[in-house]
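Going by the working numbering, the sequence shown opens with residue 249, and the numbers climb by one from there. For each residue, glycine too, the CB sits at the ideal point set by N, CA and C. Below is one structure, written out as structure tokens, with a few remarks after it.
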Amino acid sequence: MVNTVQVPQTLANVDVAWARAQFPALEMQQDGKQVMFFDGAAGTQVPQRVIDAVVKYYKESNANFQCSYLTGERSDAIIEDAHSALADFLGCDADEVIVGPNMTTLTFHLSRSILRELNKGDEVVISMLDHEANIAPWQSLEELGIVVRKIPIRVDNCTLDLDALKQIINPKTKLVAVGYASNAVGTINDINKITELAHSVGALVFIDAVHYAPHGPIDVRKINCDFLACSPYKFFAPHLGMIYGKREHLTRLKPYKVRPATEELPYRWETGTQNHECLAGLVAGLDYLAELGKRVNPNANTRRQKIVSAMTAIKEYEKTLTEGVLNRLAKLPNIKVYGIQLGDTQNERTPTIACTMKGKTAGEVTGLLGECGIFMTGGNCYALSLVEQLKLEETGLFRIAMVHYNTIDEIDRLIETLAKI
Numbered sequence: 249m250v251n252t253v254q255v256p257q258t259l260a261n262v263d264v265a266w267a268r269a270q271f272p273a274l275e276m277q278q279d280g281k282q283v284m285f286f287d288g289a290a291g292t293q294v295p296q297r298v299i300d301a302v303v304k305y306y307k308e309s310n311a312n313f314q315c316s317y318l319t320g321e322r323s324d325a326i327i328e329d330a331h332s333a334l335a336d337f338l339g340c341d342a343d344e345v346i347v348g349p350n351m352t353t354l355t356f357h358l359s360r361s362i363l364r365e366l367n368k369g370d371e372v373v374i375s376m377l378d379h380e381a382n383i384a385p386w387q388s389l390e391e392l393g394i395v396v397r398k399i400p401i402r403v404d405n406c407t408l409d410l411d412a413l414k415q416i417i418n419p420k421t422k423l424v425a426v427g428y429a430s431n432a433v434g435t436i437n438d439i440n441k442i443t444e445l446a447h448s449v450g451a452l453v454f455i456d457a458v459h460y461a462p463h464g465p466i467d468v469r470k471i472n473c474d475f476l477a478c479s480p481y482k483f484f485a486p487h488l489g490m491i492y493g494k495r496e497h498l499t500r501l502k503p504y505k506v507r508p509a510t511e512e513l514p515y516r517w518e519t520g521t522q523n524h525e526c527l528a529g530l531v532a533g534l535d536y537l538a539e540l541g542k543r544v545n546p547n548a549n550t551r552r553q554k555i556v557s558a559m560t561a562i563k564e565y566e567k568t569l570t571e572g573v574l575n576r577l578a579k580l581p582n583i584k585v586y587g588i589q590l591g592d593t594q595n596e597r598t599p600t601i602a603c604t605m606k607g608k609t610a611g612e613v614t615g616l617l618g619e620c621g622i623f624m625t626g627g628n629c630y631a632l633s634l635v636e637q638l639k640l641e642e643t644g645l646f647r648i649a650m651v652h653y654n655t656i657d658e659i660d661r662l663i664e665t666l667a668k669i
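Here it is as structure tokens:
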């Protein structure tokens, strides 16, 4: 099927037409019209090479790990390559990357291990801007005597109140857990400043980068965080979760695991058999980004260099998408946009734009859009604390959540449809 969406050949160094051609889902039609995916914050589509890698695994490599025969050896190689690929994505070493079923499960796992080093009365700081996956695992420690403090937000633009954070952090603070970017409203937090504040009192820093990961380059060494979590299905790969941890912490902390499991990093943190087929797809997804990066920067040679080039170009291209949506939404009087607005040069955002429509719930809006072949998510977006602070529990938010395979033409069709609704 020919991709009928008209796109520029290049914009901000991203070959959008080539990129779109890699994703077979973008050819899908509904009632004779090509569907559009504005649901990137809930999970991205995958390139054909990811699908091929998963199928190839089942055909040629399907076995458990550490089996001394051909398919087992192939599975072991895929597991090793997946850790190396993620290390290149994050800027760390392969033995500092934990993979598992999803970020939420891994964060609960890690929180229980960190708890072993905490004492009653110690404090953990969380953000009210975050997805519940970076709130609930830490808030649950309260029942065991840990004090949980909350960073408030500035409701007018949905940014964290870092002045309040300075007052909250104290010598009793043992961990600060914040998001790199808000999955609901797109705010990019000042991670470097937050990390510096936390480390000034000796606290660990846990960053939820699930939403930021598909929108810009990540360098965990530069951030100097202690832990950072991602979900590969948010950056063009299969449904998996992962956590980076500094080697010193992953070695010192005691994970919950069965006795036969190895003590070797990072596998001492990976309980049970991993999802090998999805790990094969993960490598293919990161290879897609590497190829995109090579197209952007022919001088990039290593996989890390190629991925950084791709993510840097993606970030610049997506700024154009964000500006396009915000400019067009400003002409629709019944729609309210939450979060960072155009002209705010003090704060950054991802191309995820949260809205409400007068007279309709988020579910009603996304349902009507879905009937028109425009796919978008809404509700509390698992950012329940934020939605409560915005007093939108009853209506919820709908998210225009874009990634680099979205186009200005798609935005025009979306805005026309919203105007009709």
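Under a 10 Å Cβ-count criterion, C315 is classified as exposed, with fewer than 16 other Cβ atoms of the shown protein chains found around its own Cβ.
When only Cα atoms are considered, S361 and L498 end up about 10 Å apart. Following the DSSP letters along the chain, one finds D300 in no beta strand (DSSP E) but inside the alpha helix (DSSP H) bounded by residues 296 to 308. Under the three-state reduction of DSSP, I588 is assigned to coil, being neither helix nor strand. Among the bridge pairs identified by DSSP, R268 is matched with none.
By alpha-carbon distance to E391, the top candidate from K398, I399, E328, G369 is G369. Secondary structure of F285 (DSSP, three-state): strand. P581 counts as exposed, since fewer than 16 other C-beta atoms from the protein chains shown sit within 10 angstroms of its C-beta. CA-CA distance, M376 to F483, rounds to 24 Å. Across the set A477, V264, P503, A425, the C-alpha of A477 shows the shortest separation from the C-alpha of N350. If you look at M605, you'll find it in the beta strand (DSSP E) that goes 600 to 605. CA-to-CA, the gap between A446 and K639 works out to about 30 Å. In this structure, DSSP gives I439 a helical state, which the three-state scheme calls helix.
A residue is called buried when at least 16 other Cβ atoms come within 10 angstroms of its Cβ; R500 does not meet this threshold and is exposed.
Closest in alpha carbon position to G529, among D263, V303, N261, V635, is V303. Just measuring C-alpha positions, the residue of I399, F271, I648 sitting nearest T614 is I648. With 16 or more neighbouring CB atoms inside 10 Å of its own CB, N431 falls in the buried class. Residue state for L377 is assigned as coil, using DSSP reduced to three classes. The beta carbons of I659 and V585 sit no closer together than 7 Å. Inter-residue distance for I383 and L617 is about 31 Å (C-alpha atoms, whole angstroms). For N549 and V283, the gap between their C-alpha atoms comes out near 36 Å.
T643 places its beta carbon 7 Å or farther from that of T593. The three-state reading of DSSP puts D341 in coil, since its state is none of H, G, I, E or B. Counting other Cβ atoms within 10 Å of its Cβ, N547 stays below 16 and is therefore classed as exposed. Under the three-pair Cβ rule at 8 Å, the segment 452 to 462 counts as touching the segment 415 to 432. Just so you know, the alpha carbons of R507 and A631 end up roughly 37 Å apart. In summary, P295 is buried, with 16 or more beta-carbon neighbours lying within 10 Å of its beta-carbon over all protein chains present. Secondary structure of F646 (DSSP, three-state): strand. Assignment of beta-bridge partners to V396 by DSSP yields V372.
Distance from the CA of H459 to the CA of G320, rounded to the nearest whole angstrom, comes to 34 Å. Linking W386 to R551 through their CA atoms gives a straight-line distance of about 34 Å. Within the segment 516 to 584, the complete alpha helix (DSSP H) runs of at least 4 residues fall at 524 to 544, 551 to 577. G280 has its alpha-carbon roughly 47 Å from the corresponding atom of P400.
Shortest Cα-Cα distance from M490 to any of D467, E518, K505, T655 involves E518. One Cα belongs to H652, the other to I562, and the distance between them is close to 6 Å. L534 places its beta carbon less than 7 Å from that of F337.
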